[in-house]
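Okay, structure first, notes after.
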Ligand code: GLY
């Protein structure tokens, strides 16, 4: 085990650490939660209590949480008992949500098994489920006491899933780690080859950036919103395309749109913005969407209504220079059409 850092997220201590596959499972676990794909990745003692969920976003609904809570009650778990959730963001969000509810909050350890969950979803205390089609509508802020990361698990991750997570890596580099950005520019072949040592370094750096933002702003009243770079545009594409795009690919597309907006607003240098878009293309990301711009604008407006406020955009004005801006729909439509 190698500690990346011990954080304090609004009074919740949280350790992020790297583990080998053999060490991953916390010995004091009372209840293990995984899905059919991820449960096999974590070896655990035979006969250990577990809930194995259906994989995928469709399962991220209340019945899954109900199953976890009922199992915890059947086992007679106490408040100091430990639930361990292993999986991608869907499993880690749901496990931590159930943990936040059980006896008003029991111990939770998370083992992210996808790159996206390692660098983003599992750290920082956002928990929850979808309500019908509305993503993450029900939830809580409840950081796990530990996030156990095993980069070796990434070697078998499907290609699409790997690049999905890498989308969040680019985002994290742009908002908080210029050296990581330089690594991504310089070491493209090593990134594409999933070189283990490099992946460990990338994950460590992403955890440090995200953890610092969450320490400062657990409930997203300010700078934590930087983590949403590319997400307002990206979510609209995901919604309007009927979820044809993976989240990370949509975030990269959305980041390219945010760069276009920054240049059009006179905030960012056009050559810098173009160099980043070229980098995304070189990594194989798609920067053209065939979805109607009007449909994407509608999706953003729905999102705005759902959140009950003005629509915020995270705008990259330069390397490590991120702004929060409120944009007019007419301007957003022009950017979507470009
Ligand atoms: N995934 C963005 C955040 O945790 O704030």
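Residue numbers (this note's numbering): -3 to 334.
Beta carbons: idealized from backbone N, C-alpha and C, even for Gly.
Looking only at C-alpha atoms, which of the options sits nearest to residue i?
| i | options | result |
| --- | --- | --- |
| residue 220 | 8, 171 and 83 | 171 |
| residue 278 | 116, 183, 42 and 215 | 183 |
| residue 92 | 124, 108, 6 and 75 | 124 |
| residue 201 | 215, 226, 267 and 166 | 166 |
| residue 94 | 66, 120, 72 and 116 | 66 |
| residue 252 | 216, 41, 113 and 283 | 283 |
| residue 37 | 54, 44, 83 and 64 | 83 |
| residue 129 | 29, 298 and 269 | 298 |
| residue 10 | 157, 137 and 216 | 137 |
| residue 325 | 105, 308, 68 and 315 | 308 |
| residue 150 | 169, 107 and 173 | 107 |
| residue 146 | 163, 25, 15 and 287 | 15 |
| residue 25 | 12, 18 and 41 | 41 |
| residue 80 | 86, 89 and 105 | 105 |
| residue 216 | 122, 20 and 244 | 122 |
| residue 285 | 323, 318 and 245 | 245 |
| residue 134 | 97, 260, 235 and 45 | 97 |
| residue 209 | 193, 173, 192 and 188 | 173 |
| residue 3 | 59, 110, 259 and 139 | 139 |
| residue 177 | 191, 331, 316 and 19 | 316 |
| residue 45 | 51, 58, 73 and 20 | 73 |
| residue 381 | 199, 110 and 175 | With the chain covering -3 to 334 only, the question about residue 381 has no answer from this structure. |
| residue 12 | 265, 231 and 116 | 116 |
| residue 76 | 89, 132 and 101 | 101 |
| residue 21 | 267, 78 and 162 | 78 |
| residue 142 | 8, 27 and 269 | 8 |
| residue 23 | 35, 34, 33 and 39 | 39 |
| residue 192 | 148, 211 and 163 | 148 |
| residue 113 | 213, 99, 87 and 127 | 87 |
| residue 238 | 329, 163, 291 and 188 | 291 |
| residue 27 | 17, 43 and 181 | 43 |
Sort out for me which residues DSSP pairs residue i with in a bridge.
| i | result |
| --- | --- |
| residue 122 | 137 |
| residue 80 | 28 and 105 |
| residue 319 | 311 |
| residue 130 | 127 |
Where does residue i land, buried or exposed, given buried means 16+ other C-beta within 10 angstroms?
| i | result |
| --- | --- |
| residue 358 | The displayed coordinates of the chain run from -3 to 334. Any statement about residue 358 would go beyond what the structure contains. |
| residue 398 | The structure shown does not extend to residue 398, since the chain is modelled only from -3 through 334, so no value can be given for it. |
| residue 233 | buried |
| residue 144 | buried |
| residue 31 | buried |
| residue 160 | buried |
| residue 241 | buried |
| residue 71 | exposed |
| residue 120 | buried |
| residue 6 | exposed |
| residue 62 | exposed |
| residue 306 | exposed |
| residue -1 | exposed |
| residue 224 | buried |
| residue 158 | buried |
| residue 256 | buried |
| residue 56 | buried |
| residue 271 | exposed |
| residue 69 | exposed |
| residue 262 | exposed |
| residue 54 | exposed |
| residue 276 | buried |
| residue 103 | buried |
| residue 169 | buried |
| residue -3 | exposed |
| residue 218 | exposed |
| residue 333 | exposed |
| residue 206 | buried |
| residue 322 | exposed |
| residue 327 | exposed |
| residue 266 | exposed |
Can you check whether the C-beta of residue i is within less than 8 Å of a C-beta belonging to chain D?
| i | result |
| --- | --- |
| residue 307 | Here chain D cannot be found, since the structure has a single protein chain. |
Does the beta-carbon of residue i, which I'm using as the reference point, lie nearer than 7 Å to any heavy atom of ligand 3?
| i | result |
| --- | --- |
| residue 297 | Among the ligands present in this structure, namely ligand 1, ligand 3 is not found. |
Complete beta strand (DSSP E) runs within the segment -3 to 79 (minimum length 3 residues, chain order):
Counting whole runs of 3 or more residues, the segment -3 to 79 contains the beta strand (DSSP E) stretches -2 to 5, 8 to 14, 25 to 31 and 46 to 49.
Length at least 3, wholly inside the segment 142 to 224: the beta strand (DSSP E) runs in chain order
Runs of the beta strand (DSSP E) inside the segment 142 to 224: 142 to 145.
Which whole runs of the alpha helix (DSSP H) in the segment 222 to 305 are 4 residues long or more, in chain order?
Listed in chain order, they are 227 to 236, 243 to 260, 266 to 278 and 289 to 303.
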